[in-house]
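Asker:
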Amino acid sequence: MILAIRSTLFAITFYGLSVFWILAAIPAGLYGQRAMLPFVRSWGWMHRLACQWILGQRVVIIGELPQEPMLYIFKHESMFETIDLLCLFPEPVIAAKQELLDIPGWGWIARRHGVIPLERKAGAKAMRQLQRKAKEAVTSGRPICLFPEGTRVPHGECPSLRSGFAGLYQLLKLPVVPVAIDTGRLSPRNGFLKRPGVITYKVGEIVPPGLPRDEAEAIVHAAINALNTCDCLTGNGAR
19 MILAIRSTLF AITFYGLSVF WILAAIPAGL YGQRAMLPFV RSWGWMHRLA CQWILGQRVV
79 IIGELPQEPM LYIFKHESMF ETIDLLCLFP EPVIAAKQEL LDIPGWGWIA RRHGVIPLER
139 KAGAKAMRQL QRKAKEAVTS GRPICLFPEG TRVPHGECPS LRSGFAGLYQ LLKLPVVPVA
199 IDTGRLSPRN GFLKRPGVIT YKVGEIVPPG LPRDEAEAIV HAAINALNTC DCLTGNGAR
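In terms of our numbering, the sequence shown opens at residue 19 and continues consecutively.
(1) In angstroms with no decimal places, state the Cα-to-Cα distance between Phe183 and Ala114.
(2) Are the CB atoms of Leu186 and Leu35 within a distance shorter than 9 Å?
(3) Assuming Pro196 and Ile91 are in contact, meaning their beta carbons sit under 8 Å apart, how far apart are those beta carbons, in whole angstroms?
(4) Can you tell me whether Ser96 is buried or exposed, with buried defined as 16 or more other CB within 10 angstroms of its CB?
(5) Give me the DSSP bridge partner(s) of Gln75.
(6) Taking the alpha-carbon of Arg24 as reference, which of Pro56, Leu204 and Ala128 has the nearest alpha-carbon?
(7) How is Leu119 classed by DSSP in three states: helix, strand or coil?
(8) Going by beta-carbon coordinates alone, are Cys176 and His94 separated by less than 9 Å?
(9) In chain order, which beta strand (DSSP E) runs of at least 3 residues are fully inside the region 36 to 101?
(10) In or out: Met19 buried (at least 16 other Cβ within 10 Å) or exposed?
(11) Measuring CA to CA, which of Pro87, Leu136 and Phe98 is closest to Trp63?
(12) Which stretch, first to last residue, makes up the beta strand (DSSP E) that contains Ile199?
(13) Considering Ile242, what are the terminal residues of the beta strand (DSSP E) in which it resides?
(14) Could you give the residue range of the alpha helix (DSSP H) that holds Leu245?
(15) Can you name, in chain order, every residue of its own chain whose Cβ lies under 8 Å from the Cβ of Arg170, other than the five neighbours on each side?
(16) Taking all protein chains shown into account, decide if Tyr49 is buried (16 or more other Cβ within 10 angstroms of its Cβ) or exposed.
(17) So Leu136 is in the beta strand (DSSP E); what residue range does that whole segment cover?
(18) Beta-carbon of Ile23 versus every beta-carbon of chain C: anything under 9 Å?
(19) Work out the CA separation of Pro166 and Gly255 for me, nearest whole Å.
(20) What are the partner residues of Ala113, as DSSP defines its beta bridges?
(21) Exposed or buried, what is Ala152 when buried is set at 16 or more other beta-carbons lying within 10 Å of its beta-carbon?
(22) Assess, as a yes-or-no matter, whether the region 214 to 228 is touched by the region 75 to 90 under the definition of 3 or more beta carbon pairs within less than 8 Å.
(23) On the DSSP letters alone, give me the boundaries of the alpha helix (DSSP H) that Leu189 sits inside.
(24) Roughly how many angstroms separate the alpha carbons of His65 and Phe32, rounded to a whole number?
(25) I'd like the span of the beta strand (DSSP E) that includes Cys163, first residue to last.
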């Protein structure tokens with residue numbers, strides 16, 4: 019019962035306040051990306067504080083998270099980390115599925131901020147767009163964040179990395195920072211009830227550019243699943 023009350027209160031608070039953030043960010047965005055950034059970043063912090071104060075979820079980071087324009091690869095278990103990236107980096111460039119960018123109002127803000135749309139069925143076209151936008155981000159000195167599994171997965175599962183990671187790794191020739199996360203324990207992918215506890219980010223060793231594709235994928239796959247207690251890490255996890 020307590021979980022249901024807290025989860026309901028969180029949903030009302032977060033989505034209700036998000037409306038006001040969107041209404042403020044849209045006119046700011048008309049004056050350019052820079053004018054909109056404070057609204058976007060404060061929205062991310064509003065989300066984290068709501069998770070902390072209402073749900074009782076606390077964030078812990080194990081390891082040092084660089085702030086340079088590198089390629090950051092994240093495990094993806096819930097909505098939490100997609101928004102919390104705004105707390106981890108001042109101006110992250112995030113690759114997100116196209117459906118999210120079709121949301122009225124929010125989608126326009128996300129595009130204005132620099133979110134890279136991913137069309138799952140577009141194939142080579144989506145990959146070219148991803149690469150072009152990523153190059154633009156590197157030029158402007160912004161970190162690039164990617165969820166290479168393509169969708170949220172339950173905690174404990176370790177699906178293969180999709181081809182987008184290998185393509186960007188080979189194209190951009192940037193160091194890669196793999197980050198494990200265990201949000202699925204507290205906020206299940208398809209569950210409304212959210213539990214209190216500690217959300218952990220575990221930063222892996224930086225992967226240098228120029229490694230063979232299979233080797234890079236194996237290292238990253240193991241690193242982003244470092245907080246999982248599963249038996250799926252015996253292979254390299256690559257497609």
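Using N, Cα and C, we set each Cβ at its ideal position, and we do this for glycine too.
Answerer: Reading from the atomic positions:
(1) As a position in the sequence shown, residue 183 is number 165, starting the count at 1. As a position in the sequence shown, residue 114 is number 96, starting the count at 1. Straight-line Cα distance between these residues: approximately 13 Å.
(2) Reading the sequence shown from its first residue, position 17 is the one you call residue 35. Reading the sequence shown from its first residue, position 168 is the one you call residue 186. In this structure, Leu186 does not lie closer than 9 Å to Leu35 by Cβ.
(3) Walking along the sequence shown from the start, residue 196 turns up at place 178. Walking along the sequence shown from the start, residue 91 turns up at place 73. At roughly 5 Å, the Cβ-Cβ gap stays under 8 Å, so Pro196 and Ile91 are in contact.
(4) By one-based count along the sequence shown, residue 96 stands at place 78. The residue in question, Ser96, is buried, as its Cβ has 16 or more Cβ neighbours within 10 Å.
(5) Looking up residue 75 in the sequence shown gives position 57. Note: Gln75 sits in a beta bridge opposite Gly215.
(6) As a first step, residue 24 is located in the sequence shown; it is residue number 6 there, counting from the start. Answer by Cα proximity: Leu204.
(7) As a first step, residue 119 must be located in the sequence shown, where it is residue number 101. Residue state, collapsed to three classes: helix.
(8) For the purposes of this step, residue 176 is taken as residue 158 along the sequence shown, with counting starting at 1. For the purposes of this step, residue 94 is taken as residue 76 along the sequence shown, with counting starting at 1. Result no, Cβ atoms of Cys176 and His94 do not sit closer than 9 Å.
(9) Contiguous beta strand (DSSP E) elements confined to the region 36 to 101 occur at 75 to 80 and 89 to 92, taking only those with 3 or more residues.
(10) If you number the sequence shown from 1, residue 19 lands on position 1. Its Cβ having fewer than 16 others within 10 Å, Met19 is exposed.
(11) Along the sequence shown, one-based indexing puts residue 63 at 45. Of the listed residues, the one whose Cα sits closest to Trp63 is Phe98.
(12) Position 181 of the sequence shown, counting from 1, holds the residue named residue 199. From DSSP, the beta strand (DSSP E) with Ile199 extends over Val194 to Ile199.
(13) Locating residue 242 in the sequence shown gives position 224, where the first residue counts as 1. From DSSP, Ile242 is part of no beta strand (DSSP E) but of the alpha helix (DSSP H) over Arg231 to Ile242.
(14) Here the question's residue 245 lines up with position 227 in the sequence shown. Boundaries cannot be given for Leu245, as no alpha helix (DSSP H) includes it and DSSP labels it neither H nor E.
(15) Here the question's residue 170 lines up with position 152 in the sequence shown. Contacts found: His94, Glu95, Ser96, Met97, Gly202 and Arg207.
(16) One-based indexing of the sequence shown puts residue 49 at position 31. Tyr49 is exposed by the Cβ-count criterion.
(17) The residue given as residue 136 occupies position 118 in the sequence shown. Its beta strand (DSSP E) spans residues Ile134 to Leu136.
(18) The structure shown contains no chain C, having only a single protein chain.
(19) Walking along the sequence shown from the start, residue 255 turns up at place 237. Walking along the sequence shown from the start, residue 166 turns up at place 148. With a pLDDT of only 49 at Gly255, under the threshold of 50, the placement of this residue in the model should not be trusted; the figure read from the coordinates follows. Roughly 11 Å between the two C-alpha positions.
(20) Taking the sequence shown and counting its residues from 1, the one referred to as residue 113 is at position 95. According to DSSP, Ala113 bridges with Ile134.
(21) The residue given as residue 152 occupies position 134 in the sequence shown. Counting Cβ neighbours within 10 Å, Ala152 comes out buried, since at least 16 surround it.
(22) yes
(23) Position 171 of the sequence shown, counting from 1, holds the residue named residue 189. That run of the alpha helix (DSSP H) goes Ser181 to Leu190.
(24) As a working note, residue 65 is residue 47 in the sequence shown. As a working note, residue 32 is residue 14 in the sequence shown. Taking the straight line from one Cα to the other gives about 6 Å.
(25) Along the sequence shown, read from residue 1 onward, the residue named residue 163 stands at position 145. Segment Ile162 to Leu164, the beta strand (DSSP E) holding Cys163.
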